Every structure is written in C-alpha cells, then in structure tokens.
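Below: one structure, written as structure tokens.
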Amino acid sequence: MDLSLSTETIGDRTIVRVGGEIDVYTAPKLREQLVELVNDGNFHLVVDMEGVDFLDSTGLGVLVGGLKRVRAHEGSLRLVCNQERILKIFRITGLTKVFPIHTSVEEAVAATD
1 MDLSLSTETI GDRTIVRVGG EIDVYTAPKL REQLVELVND GNFHLVVDME GVDFLDSTGL
61 GVLVGGLKRV RAHEGSLRLV CNQERILKIF RITGLTKVFP IHTSVEEAVA ATD
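Heads up: the sequence shown begins at 1 in full-length UniProt numbering, then just goes up one per residue.
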C-alpha cells in the first residue's frame, strides 16, 4: 500500500494528514515532507494519523526525527490517533511519554505547548 500526504495550516499549526502504511518503503516520503515543512519555517506540526493502517519502527523513527527537528526551533509535534492498534505501538515503545497524542485535529490545534 502507498502513503498519502496532505498539509493544511490552521493558525500557527501545520496539519500533516497521513494515510496508508508508514513502513520502511514509505517512511522516506514522510521524512521528506517533515524536513521540507521545518525548512520552510513550520515549527508547530500536527501529524494526523487517523488514516494510517500500519506503522513500523522505521515510521516511528521518522516521527522521532521530526520531533527533534521542530524542538530545535522551539516547536512542537503533536499526533492525532485514536486507533487502538496504532496507539498500542506508542504504548509498547514508551513513546506516549514523548509525543502528545490527541483524539482529534481540533483538540491538537487547541492544545497549548
């Protein structure tokens, strides 16, 4: 399966909507998108993972790398996910302590850093 990406801006937040599978084959596409956004001055990102069907360790690495990039600019990276099978991966890896995870884009946008 392929990866779909789209972006939109709400206030000072840039929403990255992700669909499909984030794995060793598609993760570089997501990495490129995150690097490009940060290079363009977007330091408050919300990654909407509602359309994600599968996430592997490569995808987790891309998200952690994105978090490091925005933090270097005093930014933030929030995740939107309420799918149990994807949330379980964040719990098992301990990344729920690293990423703010929200149940909706609206909730993530309204959250303060």
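The beta carbon of each residue, even a glycine, is placed where N, CA and C say it ideally should be. Keep in mind the model is a prediction, meaning the values are calculated, not measured.
Per DSSP, the bridge partner or partners of residue i
i	result
Asp48	Arg17, Val80
Ile22	Leu55
His102	Val80
Sequence-distant residues of the same chain with beta carbon closer than 7 Å to residue i, five excluded per side
i	result
Ile86	Met49, Val52, Leu55
residue 144	Because residue 144 is not part of the residues shown, which for the chain are 1 to 113, the question remains open.
Residue range of the unbroken beta strand (DSSP E) whose run includes residue i
i	result
Thr7	3-10
Cβ neighbour criterion (16 or more within 10 Å) applied to residue i
i	result
Ile92	exposed
Ala111	exposed
Arg78	buried
Gly66	buried
Asn82	exposed
Limits of the alpha helix (DSSP H) - the one that residue i falls within
i	result
Leu34	27-39
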